[in-house]
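If you read the protein sequences in the order shown, they are chains A and B. Per the working numbering, residue 659 is the first one in the first sequence, and the count goes up by one each step. Per the working numbering, residue 659 is the first one in the second sequence, and the count goes up by one each step. Where is the CB? At the ideal position from N, CA and C, for every residue including glycine.
Protein chains: 2
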Amino acid sequence: MQDAIAKLQEKGNAAKSASRRLAHLSTDTKNQALLNISEGLIKRQKEIIEQNHLDLEEAKASGMSTPMLDRLLLNQSRIESIAQDIGTVASFPDPVGETFDMKTLPNGLQIGKRRVPLGVIGAIYESRPNVTVDISSLCLKSGNAIILRGGKEAIRSNMALVGVIRDAISEAGVPGGAVQFVDSPERELVNYMLKMRDTIDLLIPRGGPGLINMVRENAMMPVITGGVGVCHTYVDRTADLSKAVAIVYNAKVQRPTVCNALDTVLVHRDVAEGFLPILAQEWARASVEMHCDERAMAILKAIPSISFVPASSEDWGKEFLALVAAVKVVDSLDEAIEHIERYGSGHSEAIITEDYSSAMRFLDMVDAACVYVNASTRFTDGGQFGLGAEVGISTQKLHARGPMGLKELTTYKWIIFGSGQVRS
Amino acid sequence: MQDAIAKLQEKGNAAKSASRRLAHLSTDTKNQALLNISEGLIKRQKEIIEQNHLDLEEAKASGMSTPMLDRLLLNQSRIESIAQDIGTVASFPDPVGETFDMKTLPNGLQIGKRRVPLGVIGAIYESRPNVTVDISSLCLKSGNAIILRGGKEAIRSNMALVGVIRDAISEAGVPGGAVQFVDSPERELVNYMLKMRDTIDLLIPRGGPGLINMVRENAMMPVITGGVGVCHTYVDRTADLSKAVAIVYNAKVQRPTVCNALDTVLVHRDVAEGFLPILAQEWARASVEMHCDERAMAILKAIPSISFVPASSEDWGKEFLALVAAVKVVDSLDEAIEHIERYGSGHSEAIITEDYSSAMRFLDMVDAACVYVNASTRFTDGGQFGLGAEVGISTQKLHARGPMGLKELTTYKWIIFGSGQVRS
C-alpha cells in the first residue's frame, strides 16, 4: 500500500509539474495533440476493443446488469464517435489567455483579469470509459493537467485509452505528465487522493450519489459535484396543451436514463382533466409507468385503457433514470414552485405556460441551475447550450452552475500594470 | 449542548427561509436597510462602546496582546468609519438580477444567465467586530442571508452591533431572519456549523491559519479561504531603482500588519549593490528588520550604519505581519519566479522592471491572485480595485480569486425561453 501511495504522489507531482508548462502551450500545440488523440483512437481501435472485451467478460462473470454492461461497452462506432468529439474540442476557441474587465483606475493603474487554467484537475469516475477521453481532451484544451481514477471494472479499457492519449500528446510536444492514470485498484488510493490538497486544484467526481457524497464529505480541496437531476415540468393553467404534451413526452421519453430527464410532472388542477388523459395515452405508447397522486388517479381511472400506480411518498424527489414518472395535480403556480423547492435537486426545471407573468414568476422564484419556459429539460447539456463538450453538469452554486465546458475549467488572475504607484 | 445545537439549526432554518425572500427584494429596500444600519450605528454608539469596553476589559484581564486589543477596540471614530462604509455599499449597483451572455440557439431557444444570490453565507471569524457589520452589509446588498459566528472575545460588541443591524433591517421591511448571530460560546457549535451543508451555501473563515485550515479540512460545503499573503517583490536587472525603492518601501512599511504587505524582496544580482544600500537606509528610518541571505549580507556589511540579521530557512515563505522583511539576491528572473512558485501563497506578487519582455514573462509565469508590474502589492484590496468593499481576499482558484466584493457573493442560473422546443 505504501508503494501505491508513493506512486500516486509521484503521479501528482508529475501532473503539477506538467501543469506549469501546459498553462503556456500554444493553441496550435494543444489542438495538434487533440487531433493526434483522435487519430490514435481510430488507428488503435483493435487494441482498445480487445482490452474492453476483457473488461466486459469479467463484468459479465461478476453479474453486472445489462444497462451497466452497455455503458462499459466500446465498439467501432462508439470509438469513432469519441474520436469525432475530440475533433470538435480542437475546433473550439482556446479559453486560456483571454484578458477581460480591463480598466484604468484614477491613480493610473491599469487593472484587469486574465483567464488561466486551474492547474491540476482530479477526476474520480465509474464505469463509462469514454469519460477518460472526454475529460482528458477538455483538460488538455483548457491547459490543465489531469489525474484520472476510473472504476476497476473498466481498468483495461481505460489503460488502453490512456496509452493512446499519452503517445498522441507526447508526439505533439505536450509534456507527458499532463495525463496521469491511477492504475492500482486499492480503495485507499481514493482516500489519499481526496487529501492531495497541495497537488489537486479541483476534484470532479462522476458517478452515483454514493461516490459523490463520499467525495464531497472527505475531499480537502474544492469539489464540483452534480449529475443528480430531479427534474420537474409544471403545466400551468394557461399552458398550450399540445406544446405541453410534446414537451413532457420528450422530457421523459427521449432518453430516460440521464440526469436532465423528467422525473415529476406537476399539473394545474384547471387543466388536469384536459391534459392528463392525452399525456397518459402518449406515454403509454412508450411504456412510461405513471406514479400518480390521488387527484391524478381520479382523472385517469375514467379512461379504461390507461394503467397507473398510486404514488408513494418516496416518488416525490426521486430521480427515476427509467421510463417512470411521478404525476401530481397542484392548485396553483405557487404550489408547484414550493414543491420544486422542496423536492428538486437544483438541476433543471420547466414551466409550460402562455401567461407572461407566470413565466416570469417561475423564472424568478425557482432556484436551479437551469430554468426553462416552454421547452424540454433535456436541453441541459454543454453541447446543446453551445459550450461544446462538458465535463459534467454542476448542481452546486459556486464557480460554475449547470453544464461545465472549457471556460468552466479555468480561473483568472488579476494583472496590474503600474508605473511606480504606491499606496498612500 | 443539544439545546445550543437545536438553536443553531433553528437560526439556520430562519436564514434559509429569509434567503428566499432576500433574493427578490428591491434594490431600494436593500439600500434603505443599509442606510438604516448606518444611522443606527451612529445613534446607538454609546451602547456599542459600552459593550465593547466590557469585552476589552475581559480581554485585558486575560492577557490579550496590545495589537489584538487594538483590533478589538471600537470608538467613536471607528464606528463613524464603519457607518460610512455601509453608505458606500448602499451606493454600489445591485449585482442581483443582471442578465448576461444571452444568445439565441439555432433551434430558436433564447438562453442566457441571470445573476442571483448564493443563498446563505456562513462566516466564522475572530476578534475584529467591524467584520460583523462589513459582511452583513455586503451579504444584504447581494441578497444573501448570513449566519455570523464571531470570536468569544468580541461577543458583547458583536451582539450590540447585531442588535442595531436587526432593528435597522426590519424597519426597512427586510426579513429579520436575514442576519443570524451564533451567541453561544461552545466550540462544538462551530463543528456543527461546518456540517450544515443543506443550509449554508458558502462558508467564509476569516482569521489566522489555524482557523482557516480547520474550516477547510472539516467543512462539508464550499469554502472560500484567503487572507494568508506571503508577498514577494522582485527587483529586476533593468529596474528603475528609484521606483523600486519607493515601491518596496511602501509595500513593507505603509501597513505592515496586513496580508498584502511585502514579506520578501528578491533582487537581481546585477542591481543588488546599487539597490540594497539605499533600500536599507530607507527601511532603517522605519525600523524594518532585514533578514538577509549571504549575498545580501555581503553587500550590506560594507555600510557601517545598517543593521541586519542572517535569514534562516524559515524566513522564506513566512508571512511576517510586522516590520520584518526577508531579502535575497537572485541570479535571474527565472530564479525569482521559481522562488515565488515555491514560497508564495498565491496572493500578490510584483516585479519592478523597465524591460518589456521581463514584465510580460513575470505576468505569464507567476500563478497568484494578483500579479503586478511596477506597483506596490498593497493595492490588493476590494476598495482599491474599484469593487467597493470586500468580504475577503481569496487565495484559492475556484469561483473568485483576489478581492471578493458584491459580485463574488452571487452565482447565476441559466434561463431559457422556449416556444415549444423538444430535443431530437
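Please list the terminal residues of the continuous beta strand (DSSP E) segment that includes residue i.
i: B:His-926; result: 920-926
i: B:Pro-962; result: Run containing B:Pro-962: none; DSSP gives neither H nor E here.
i: B:Asn-759; result: Inspection of the sequence shows that residue 759 of chain B is occupied by Asp rather than by Asn. Counting along the chain, the beta strand (DSSP E) containing B:Asp-759 begins and ends at 757-762.
i: B:Pro-1061; result: 1060-1062
i: A:Arg-807; result: 803-807
i: A:Lys-986; result: 982-988
i: B:Ile-1009; result: 1006-1010
i: B:Gly-885; result: Counting along the chain, B:Gly-885 falls outside any beta strand (DSSP E), and DSSP gives it neither H nor E.
From the DSSP output, in three-state form, read off residue i for me.
i: A:Glu-1111; result: For residue 1111 of chain A there is no data in the structure shown, the boundaries of chain A being 659 and 1082.
i: B:Pro-775; result: strand
i: B:Cys-917; result: coil
i: B:Arg-864; result: strand
i: A:Glu-705; result: helix
i: B:Gln-1079; result: strand
i: A:Thr-746; result: helix
i: A:Asn-816; result: helix
i: B:Phe-1037; result: helix
i: A:Glu-947; result: strand
i: B:Ala-836; result: helix
i: A:Ser-828; result: helix
i: B:Gln-768; result: strand
i: B:Lys-1071; result: strand
i: B:Ser-1052; result: strand
i: A:Ala-938; result: helix
i: B:Val-1031; result: strand
i: B:Gly-932; result: helix
i: B:Ala-717; result: helix
i: B:Ala-954; result: helix
Tell me the residue span of the alpha helix (DSSP H) that contains residue i.
i: A:Ser-677; result: 660-680
i: A:Asn-871; result: 867-876
i: B:Arg-1019; result: 1014-1023
i: B:Leu-692; result: 685-701
i: B:Arg-605; result: In this structure chain B extends from 659 to 1082, so residue 605 of chain B is not present and cannot be described.
i: A:Asn-788; result: 788-799
i: B:Ala-904; result: 899-911
i: B:His-890; result: Taken as a continuous stretch (DSSP letters only), B:His-890 belongs to no alpha helix (DSSP H), being part of the beta strand (DSSP E) at 889-893.
i: B:Glu-999; result: 991-1001
i: A:Met-726; result: 724-730
Roughly how far, in whole angstroms, is the beta-carbon of residue i from the beta-carbon of residue j, given that I think they are within contact range, below 8 Å?
i: A:Cys-950; j: A:Phe-966; result: 5 Å
i: B:Arg-1059; j: B:Ala-1027; result: 5 Å
i: A:Val-822; j: A:Gly-698; result: 4 Å
i: A:Ala-812; j: A:Asp-713; result: 6 Å
i: B:Thr-1011; j: B:Asp-928; result: About 12 Å; that fails the 8 Å criterion.
i: A:Asn-802; j: A:Gly-777; result: 6 Å
i: A:Cys-889; j: A:His-1005; result: 6 Å
With 9 Å as the threshold, decide whether the Cβ of residue i is near any Cβ in chain C.
i: A:Lys-976; result: No chain C appears in this structure, whose protein chains are A and B.
What residues in the segment 1068-1082 of chain A bring their beta carbon closer than 7 Å to a beta carbon of chain B?
Thr-1069, Tyr-1070, Lys-1071, Trp-1072, Ile-1073, Ile-1074, Phe-1075, Gly-1076, Ser-1077, Gly-1078, Gln-1079, Val-1080, Arg-1081
Taking Cβ-Cβ distances below 7 Å as the criterion, which residues of the segment 891-916 of chain B are in contact with chain A?
Lys-901, Ala-904, Ile-905, Asn-908, Gln-912
The segment 786-820 of chain A: positions lying closer than 9 Å to chain B by Cβ
none
Counting pairs of Cβ atoms below 8 Å between the segment 742-752 of chain B and the segment 680-699 of chain B, do you hit three or more?
yes
If we count Cβ pairs, one from each stretch, closer than 8 Å, do we get three or more for the segment 662-675 of chain A versus the segment 837-855 of chain A?
yes
Three CB pairs or more closer than 8 Å across the segment 901-920 of chain B and the segment 1036-1053 of chain B
yes
Residues, ordered as in the chain, of the segment 1028-1039 of chain B that lie near chain A by beta-carbon distance below 7 Å
Cys-1028, Val-1029, Tyr-1030, Val-1031, Asn-1032, Ala-1033, Ser-1034, Arg-1036, Phe-1037
Given a limit of 7 Å on CB to CB distance, which residues of the segment 1044-1070 of chain B reach chain A?
Gly-1044, Gln-1054, Lys-1055, Leu-1056, His-1057, Arg-1059, Gly-1060, Thr-1069, Tyr-1070
Return the residues of the segment 767-788 of chain B that lie within a Cβ-Cβ distance of less than 8 Å from chain A, sorted by chain order.
Leu-767, Ile-769, Arg-772, Val-774, Leu-776, Gly-777
Meets three-Cβ-pair contact criterion under 8 Å: the segment 1028-1044 of chain B and the segment 1072-1081 of chain A
yes
Can you find at least 3 beta carbon pairs, one from the segment 726-744 of chain A and one from the segment 757-767 of chain A, that sit closer than 8 Å?
no
Residues, ordered as in the chain, of the segment 870-886 of chain B that lie near chain A by beta-carbon distance below 7 Å:
Arg-874, Glu-875, Met-878, Pro-880
Taking only beta carbons into account, state which residues of the segment 1005-1026 of chain A come closer than 9 Å to chain B, listed in chain order.
Ser-1006, Ala-1008, Ile-1010, Ala-1017, Leu-1021, Asp-1022, Met-1023, Val-1024, Asp-1025, Ala-1026
Evaluate contact between the segment 847-854 of chain A and the segment 873-892 of chain A, counting only Cβ atoms and requiring at least three cross-stretch pairs below 8 Å.
yes
Is the segment 826-835 of chain A touching the segment 670-682 of chain A, taking contact as three or more C-beta pairs under 8 Å?
yes
To be precise: take each residue of the segment 924-942 of chain B, compare its Cβ to all Cβ atoms of chain A, and keep it if any distance is under 9 Å. Which residues remain?
none
Can you confirm whether the segment 1064-1071 of chain B touches the segment 1015-1025 of chain B when touching is taken to mean that 3 or more C-beta pairs between the two stretches lie within less than 8 Å?
no
For the segment 661-692 of chain B, which residues have a CB atom closer than 8 Å to at least one CB atom of chain A, in sequence order?
Arg-678, Ala-681, His-682
Residues in the segment 854-870 of chain B having any Cβ partner in chain A nearer than 7 Å
Asp-859, Leu-860
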